[in-house]
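2 protein chains.
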Amino acid sequence: MIDVAKRAGVGLGTVSRVVNGGAGVREETASRVRAAINELGFQRNEVARALRPGKKSSSLALVLGDLTNPFYATIAKAALEVAGQDGFAVVLGSVDEDPEGERRAIQELIGRQVAGLMIVPDQGDHSFLAGAGIPVVFVDRPAHGIDADIVMVDNEGGGRLATEHLLAQGHQRVAILLAPSYYTTGRRLRGYRRAHRGAGLEVDESLVVQLPEGTAEAAEKATRELMHRPDPPTGLFASTNFVAEGVLRALREVNKQPAVVGFDDFRMADMLPTPVTVVASDTAELGRIAARLLLDRAAGTDTRGPQRITLPCALIQRGSGERPPT
Amino acid sequence: MIDVAKRAGVGLGTVSRVVNGGAGVREETASRVRAAINELGFQRNEVARALRPGKKSSSLALVLGDLTNPFYATIAKAALEVAGQDGFAVVLGSVDEDPEGERRAIQELIGRQVAGLMIVPDQGDHSFLAGAGIPVVFVDRPAHGIDADIVMVDNEGGGRLATEHLLAQGHQRVAILLAPSYYTTGRRLRGYRRAHRGAGLEVDESLVVQLPEGTAEAAEKATRELMHRPDPPTGLFASTNFVAEGVLRALREVNKQPAVVGFDDFRMADMLPTPVTVVASDTAELGRIAARLLLDRAAGTDTRGPQRITLPCALIQRGSGERPPT
DNA sequence: CCCTGTGTCCGAAACGTTTCCAAAGCAATC
DNA sequence: GATTGCTTTGGAAACGTTTCGGACACAGGG
Numbered sequence: 001m002i003d004v005a006k007r008a009g010v011g012l013g014t015v016s017r018v019v020n021g022g023a024g025v026r027e028e029t030a031s032r033v034r035a036a037i038n039e040l041g042f043q044r045n046e047v048a049r050a051l052r053p054g055k056k057s058s059s060l061a062l063v064l065g066d067l068t069n070p071f072y073a074t075i076a077k078a079a080l081e082v083a084g085q086d087g088f089a090v091v092l093g094s095v096d097e098d099p100e101g102e103r104r105a106i107q108e109l110i111g112r113q114v115a116g117l118m119i120v121p122d123q124g125d126h127s128f129l130a131g132a133g134i135p136v137v138f139v140d141r142p143a144h145g146i147d148a149d150i151v152m153v154d155n156e157g158g159g160r161l162a163t164e165h166l167l168a169q170g171h172q173r174v175a176i177l178l179a180p181s182y183y184t185t186g187r188r189l190r191g192y193r194r195a196h197r198g199a200g201l202e203v204d205e206s207l208v209v210q211l212p213e214g215t216a217e218a219a220e221k222a223t224r225e226l227m228h229r230p231d232p233p234t235g236l237f238a239s240t241n242f243v244a245e246g247v248l249r250a251l252r253e254v255n256k257q258p259a260v261v262g263f264d265d266f267r268m269a270d271m272l273p274t275p276v277t278v279v280a281s282d283t284a285e286l287g288r289i290a291a292r293l294l295l296d297r298a299a300g301t302d303t304r305g306p307q308r309i310t311l312p313c314a315l316i317q318r319g320s321g322e323r324p325p326t
Numbered sequence: 001m002i003d004v005a006k007r008a009g010v011g012l013g014t015v016s017r018v019v020n021g022g023a024g025v026r027e028e029t030a031s032r033v034r035a036a037i038n039e040l041g042f043q044r045n046e047v048a049r050a051l052r053p054g055k056k057s058s059s060l061a062l063v064l065g066d067l068t069n070p071f072y073a074t075i076a077k078a079a080l081e082v083a084g085q086d087g088f089a090v091v092l093g094s095v096d097e098d099p100e101g102e103r104r105a106i107q108e109l110i111g112r113q114v115a116g117l118m119i120v121p122d123q124g125d126h127s128f129l130a131g132a133g134i135p136v137v138f139v140d141r142p143a144h145g146i147d148a149d150i151v152m153v154d155n156e157g158g159g160r161l162a163t164e165h166l167l168a169q170g171h172q173r174v175a176i177l178l179a180p181s182y183y184t185t186g187r188r189l190r191g192y193r194r195a196h197r198g199a200g201l202e203v204d205e206s207l208v209v210q211l212p213e214g215t216a217e218a219a220e221k222a223t224r225e226l227m228h229r230p231d232p233p234t235g236l237f238a239s240t241n242f243v244a245e246g247v248l249r250a251l252r253e254v255n256k257q258p259a260v261v262g263f264d265d266f267r268m269a270d271m272l273p274t275p276v277t278v279v280a281s282d283t284a285e286l287g288r289i290a291a292r293l294l295l296d297r298a299a300g301t302d303t304r305g306p307q308r309i310t311l312p313c314a315l316i317q318r319g320s321g322e323r324p325p326t
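First to last, the protein sequences are chains H and U. For the first sequence, UniProt numbering begins at 1 and goes up steadily by one. For the second sequence, UniProt numbering begins at 1 and goes up steadily by one.
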């Protein structure tokens, strides 16, 4: 920038003003500066820029789990889009899955002076974020120990929708397979219970299956065991897209096919031998809303109290959820 | 850091030395400094750190297409992992698909003083990267106008493998559906041609289908048209996972099912009515190798000339590719 | 002619590190 | 006791930007 100033025969301040907006600079001077910028191929150093007091870098941090999971990938993509429109870059923290790793990743990102954090939180306390003086938006689930914005899906409503749908087909024994993601899972279970209560049915607790892991493999194993019981369920509610995959995998070896409803849509769901009925929400919108909110917080545009935004879920009937009880 | 120095009663230089490695500091002094750091909750400001001359920030930039595509998501995940191990963060450029947008995104990232760039390049000239003095590794395909490292897949070999497999089943009319991603697609086509030549067959150019877009929709439409011809192909080679999806979608309405081989594996491929045969490579490894190479370049550890690394492809037989000609 | 206000421009200060040089302390050697 | 060399420490300079107070020029009003 100093070089540009010299070349154009002006002061640093003038160059800086031209580079940003350029108010209060005579057009003639400004064009001279612009010429010098082009000749020298000058590019503003964002790092130095972010160093100034009070300034934050123009990047957002995104902390989430496995990008290979389409759910997270969709959120990331949406956030990237929205942030990009505002000239913000997105820094992806490396996430090691365990809460301690998450904490370290977040600290790391704060050290990079990001303008805001978008987090799909792990369990564990997040109160260390409170004092950081940096806007935070949680996505998909709330965090403990801090009262921040949160954008999520109507898990309870979705769980209820899925279960009601199965019960409405006349299923009396509907199992739910729960991935260990405490919050969302808990809500979906609550919806499941509520649907039962609404239908005047008692929940058979042996049909509430807690998986040790959220993987397709764990779900497959659990489903196999479930279907080998003397009195297997005739309806299955898979609380996650990966769980649904595992369930379907296990059901390939089963004679009496139970009805299946999944939570969250997934690619190819409509192309399987029996197309899969799911309860889904607009995941991209989830990411977009979160990103926009975070940008507004970072810019200081939005000064409302912590928001709690919930997106609705819809049932997509494709076949697997409409099988009658056997 | 100044506060820490005051608190510990030492100079700035000493604190800095403790914070990094801490060589040449008496243990007693070092522990006093560490105590002060803990008390004040001090955290190094990465931005200021990257400002020093010659220093680059400890982040890698990653520029790639749609994260929703599992291929890209897998690369991103792998890069994230590897970079994280070295304490590097990953900045995701927002990619608008068009070459101009890509260029802008890259310039943006360079302005952020990233230590290196990992790019899945769009078409168009990338020579503007040559003068930036920043290591670049291209992934999946080379770029024009610059001689940099590149990590990719054996597209030609894969294309050949897929085609040979189909020809070996006795298929005489094998079509190839090409997504418009010039380089990879061209290589796969070359493999297709080579397989034909190897089998002593002439390629029917009407069976080489260039799709207007790389989407499942475009592939679905093209497949439908293809199969409605008077003399439809009995074997199909889908050059991409999305293309394969479209192909399979179209084939649901077709009586005489042709054999299908896809390029790149995808989730649920083994669960479709006819499990899908694909030619696949280790995409995660692709990302890992690229990230490692970039880190070594950035650290100055690796000073060899531009590398050109090619990963092999393997055929995964699942059924769809083993259908006999009809 | 002086004063004031306005529009433009200049350049020093500040941001929080790292690095480098110099200084200080200490032990060993002469 | 002086010299030398090594380890440890202190602090100034530098990085590239933004911001801010002030300077300068010029126009208009008194």
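Where is the CB? At the ideal position from N, CA and C, for every residue including glycine. The structure displayed is predicted, hence computed values, not measured ones.
With contacts defined by Cβ atoms closer than 8 Å, ALA78/U and ALA291/U form a contacting pair. Interface criterion met: the Cβ of GLN107/H is under 8 Å from a Cβ in chain U. GLN113/U counts as buried, since at least 16 other C-beta atoms from the protein chains shown sit within 10 angstroms of its C-beta. Following the DSSP letters along the chain, one finds LEU167/U inside the alpha helix (DSSP H) bounded by residues 155 to 168.
Under the three-state reduction of DSSP, GLY246/H is assigned to helix. Residue pairing of GLY262/H in beta bridges, as defined by DSSP: ALA238/H, VAL278/H. At a C-beta separation below 7 Å, THR74/U has these neighbours in chain H: THR68. The three-state reading of DSSP puts ALA73/U in helix, counting H, G and I together.
When secondary structure is reduced to three states using DSSP, ARG7/U falls in the helix class. Sorting ALA284/H, SER59/H, GLU100/H by C-alpha distance to the C-alpha of LEU117/H places SER59/H at the top.
Spanning the alpha carbons of ALA130/H and ALA143/H requires a straight line of approximately 11 Å. For GLU245/U, at least one C-beta of chain H is nearer than 8 Å to its own C-beta.
Secondary structure of GLY305/U (DSSP, three-state): coil.
Annotation: Cβ neighbours of ILE110/U in chain H (cutoff 8 Å, chain order): GLN43. With respect to LEU177/U, LEU201/U sits apart: the two C-beta atoms are not nearer than 8 Å.
Chain H has a Cβ within less than 8 Å of the Cβ of LEU248/U. Below 8 Å, too few C-beta pairs join the stretch 151 to 171 of chain H and the stretch 90 to 102 of chain H to call them touching: fewer than three.
Between the alpha carbons of ASP296/H and ARG304/H lies a distance of about 10 Å.
By the Cβ criterion, the stretch 1 to 15 of chain U is not in contact with the stretch 170 to 184 of chain H, since fewer than three pairs of Cβ atoms, one from each stretch, lie closer than 8 Å. VAL208/U has its alpha-carbon roughly 40 Å from the corresponding atom of THR240/H. The three-state reading of DSSP puts ILE37/H in helix, counting H, G and I together. Short of 7 Å from the beta carbon of ARG229/H, and not among the five residues preceding or following it, lies no beta carbon of its own chain. Fully enclosed alpha helix (DSSP H) runs of no fewer than 4 residues occupy 46 to 51 of the stretch 43 to 71 of chain H, in order along the chain. In this structure, THR68/U lies near PRO70/H, with their beta-carbon atoms less than 8 Å apart. Out of SER94/U, GLY11/U, ALA61/U, ASP125/U, the CA that lies nearest to the CA of ILE110/U is found in ALA61/U. In this structure, LEU80/U is the residue among PRO312/U, ALA132/U, CYS313/U, LEU80/U with its C-alpha nearest to the C-alpha of ALA105/H. Under the rule that a run must span 3 or more residues, the beta strand (DSSP E) segments found entirely inside the stretch 170 to 195 of chain H read 174 to 178.
When beta bridges are read from the DSSP output, PHE138/U appears opposite ILE119/U, ILE150/U.
Chain H places a beta carbon closer than 8 Å to that of PRO273/U, counting this residue as a contact. Using a CB distance below 7 Å, no part of the stretch 211 to 238 of chain U faces chain H. No residue range can be given for ALA269/U, since it is assigned to no alpha helix (DSSP H) and is classified by DSSP as neither H nor E. Remark: C-beta atoms of GLY22/U and ALA35/U do not approach each other more closely than 8 Å.
For ALA284/H, there is no enclosing beta strand (DSSP E); the enclosing alpha helix (DSSP H) covers residues 283 to 299.
Contact annotation for GLY93/U against chain H: LEU80, GLY84, ALA89, VAL90 [CB-CB distance below 9 Å, chain order]. Contact annotation: in the stretch 182 to 207 of chain H, no residue has its CB less than 8 Å from a CB in chain U. Between the C-alpha atoms of ILE316/H and LEU40/H there is a straight-line separation of about 57 Å.
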